[in-house]
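Okay, so here's the structure we're looking at.
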């Protein structure tokens, strides 16, 4: 029975309800058939109060509702809202969602190569489009009230992350920013920066998953829980979680077994017995069809299996088909075929076979599909739609699927915890593990989600538990100034103001924060220095000066000693190089000191004294026979002083160093021949310090100094030595601080200096060449501008121009220097050669101005690997022929073509209008490329 409210309490509750109803949030909440979570309500209230928000929450938790509230507020207030996403697929998805709610008249889409209703009050766009609008001072920015930056953690992306910071810094102050991020461990730091550059920003962090996540390991026929049942299974709770002891025992048992090599014939029977024991054992890594069947039996489908390889994803589908796996009934198969035929109706029949359509369709009908960047965009979108509808139940995907696409599953399977990062096979990080497993658990459908890791030999359950239980996904800025950014900034703000703006970047904010700890250490050191200075104070004079003179004397003596040692080593090495076989020598030191006969001088590689013996890279290493009958190869360390032959002996041709009798006979002859000769004693040379004028001067100055006669001189000297060491350490710390502060501004200064040298800038003025560069966005912006400036592309046909422009965007997935790429002949080949020569000139200039490509600044070498494919496609060749010759998946081909189209559009806008064919041919090249598979990927 509920307790009755007093009149005062009832009145207060009624006032609260009335106030709630008067907000914009109340009608917005009514649009959803579920209650909003506390973090969503908190973020929406902050937005309505006029604050910016940063929302960091796990995948699938409903962050986008906050972005949708910003759209709702903009429409209610008669203002505009731009909703930005990192990839076109996400833009398409969000565009479709918003059109469904607000109708096509109020929602537009801009994705670089697509423009739908661009003057609508709500526009979904990729982040690059908004950056370009800001630099161009687009009229579309008028009336802009809200910008939603979905997946803002892309700011860490090495190649594109800078775009997010550019947008955040350059948006007008009147715009309210809504930043939506995955769970990151430094959300508060990022929020502090947003507060600095954008004004009042509320940071809302939610770590609780809307659907609890169970972690498992699949080994053999059994699915093990990763953690013990009574501990927190949900994913990120505060309870202490113990690893399942059954798994620990399993790992111990598996790892204690010896590993047998089947090719070792001596162990053949033993290996066979071991193999039989393994087969009877419950520990093995199940095959892909077996995994799907096991998950189906446990009611854990639909599932996404992450395989860190495109070929692996395609192979997995084939393995499931060969195994006869069927996850759809007849009704499901018919529905799949109906949807697929509807979505692919625009694809020409002759292209279907080339695209592997029929094999793809067979997998879909059975409820099985791959999903990776090499697939045709249309095919990927169909897979996504069928998966969300429950008609595809097993998807094998690369990790790109984890980046924002709305494809939640009941289960996520990880085959391995290692992936290729472009340079080496590396363990996945806790952040990557969280991102991948975040797909498990569909809100409103599943009571719980499941992350399943397949057992692999050598697996450490403790390591896996660390991945599953750690929240270490820090947001790290990848911001770097570019040539295009520099001219655009200088054009809008002038050099000084531009420099100040760049110093407000998150990159500089993080760099400045990282020096706080070092600065504190410097302060502590300075306090220590003050104490040491007091300890070395002498009543007779300036002990700091006296200590400096002592250090100078010591440094000079050390330097001369090193020089003397180096000279002795050179003299000894020279004497060893003069040795010949048959020389009798006296080894001065070491284990084999005494009489020895040189069998082989062991000269350094490339040198000769007439004898072709064994050569060494690291100095002479003579092979000798000692008087004690040992054959040894000596090193330069055995000869600290030069050595001279005492006598000569003939070495019999029959001498065999491996024969004890041969060694005994020759050693006996050696003792007879030279045993009576006393080695010449090496006279110690006079020390260089004895005749050095600087040392004489310093010693005299020390004796004349007042502090030399102090009774406590050595005590003072100890304090002075400590002072010197601490001062040296402090200077190193100060250099580190200097290296980290103003780093972005220093890079900007170097870029501006190079652009000034090339006449793109004159002080605060942007030249005609600079204005052209300002319209060219991309990694090779300066190279493209120089090609326009030098007329490299004049007179080229549209297809030839497409081939040349492809070199500005294309980058091979794996470097292949063995085979030169096929190129179009004639003018196109000459133009591509000229582009490479211009790049070489720019590369030399960048080196001169200390612009470092390794730091992500500067122009990489143009890649000609897509030139032939672009030329063929723009020349109206068939898809079959182009893909066969390019040896490239259809999805990659479409993606590169669209990037070429994007840059061709920029070139058409930037090219000279008079006495030039480039702008006209760039537009024709766009039309020539935008056909067939390139044109018919759904919306964007």
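Residue numbers (the numbering used here): 5 to 944. Where is the CB? At the ideal position from N, CA and C, for every residue including glycine.
Closest option to residue 201, judged by alpha-carbon separation, among 190, 169, 323: 169. Contact between the stretch 188-206 and the stretch 497-513 is present, with at least three C-beta pairs closer than 8 Å. Taken atom to atom, the span from the alpha-carbon of residue 606 to that of residue 728 is near 47 Å.
Per DSSP, residue 764 lies in no beta strand (DSSP E) and is assigned neither H nor E. Classified as buried, residue 870 has 16 or more neighbouring CB atoms from the shown chains inside 10 Å of its CB. A distance of 8 Å or more separates the beta carbons of residue 872 and residue 805.
Annotation for residue 79: 85, 106, 110, 125, 126 place their beta carbon closer than 8 Å to its own, counting only its chain and skipping 5 residues before and after. The residue among 629, 563, 216, 534 with its C-alpha nearest the C-alpha of residue 414 is 216. For residue 863, there is no enclosing alpha helix (DSSP H), as DSSP marks it with neither H nor E. Nearest to residue 63 by alpha-carbon distance, out of 700, 412, 797, is 412. Annotation: residue 33 to residue 794 spans about 59 Å, alpha carbon to alpha carbon. Between residue 337 and the set 128, 365, 357, the nearest pair of CA atoms involves 365. Beta-bridge partners assigned by DSSP to residue 467: none are found. Note on residue 257: under 16 other CB atoms within 10 angstroms of its CB, so exposed under the neighbour-count rule.
Counting only runs of 4 or more residues that sit fully inside the stretch 298-381, the alpha helix (DSSP H) segments are 314-326, 334-347, 353-358, 361-369, in chain order.
Residue pairing by DSSP puts residue 629 in a beta bridge opposite 601, 635.
Closest in C-alpha terms to residue 725, from the list 140, 10, 445, 539, comes 539. In this chain, the alpha helix (DSSP H) harbouring residue 875 covers 871-878. The C-beta distance from residue 378 to residue 895 rounds to 5 Å, short enough to meet the 8 Å contact threshold. Per the coordinates, the alpha-carbon of residue 524 lies some 14 Å from the alpha-carbon of residue 735. Taking the CA atoms as reference points, residue 790 sits about 25 Å from residue 162.
Counting only runs that start and end inside the stretch 639-709, the alpha helix (DSSP H) elements of at least 4 residues fall at 664-678, 697-708.
In the pairwise beta carbon analysis, the stretch 547-555 is classified as not touching the stretch 568-587: fewer than three pairs are separated by under 8 Å. In the assembly as shown, residue 682 is an exposed residue. Its beta-carbon has fewer than 16 other beta-carbons within 10 Å.
DSSP places residue 232 in the coil class of the three-state scheme, outside both helix and strand. Annotated three-state conformation of residue 219 is strand, per DSSP. The straight-line gap separating the alpha-carbon atoms of residue 82 and residue 138 is approximately 21 Å.
Bounds of the alpha helix (DSSP H) holding residue 76 are 68-81. Residue 56 sits in a strand when the DSSP states are folded into three classes.
Rounded to the nearest angstrom, the gap between the Cα atoms of residue 742 and residue 733 is 14 Å. Burial is judged here by how many other beta carbons sit within 10 angstroms of a residue's own beta carbon; residue 37 has fewer than 16 and is exposed. Out of 289, 402, 52, the CA that lies nearest to the CA of residue 461 is found in 289.
The Cβ-Cβ distance between residue 771 and residue 781 does not fall below 8 Å. Here the C-alpha atom of residue 848 lies approximately 11 Å from the C-alpha atom of residue 841. Shown here, residue 204 sits in coil according to DSSP, grouped into three states, outside any helix or strand. The beta carbons of residue 502 and residue 493 sit closer together than 8 Å.
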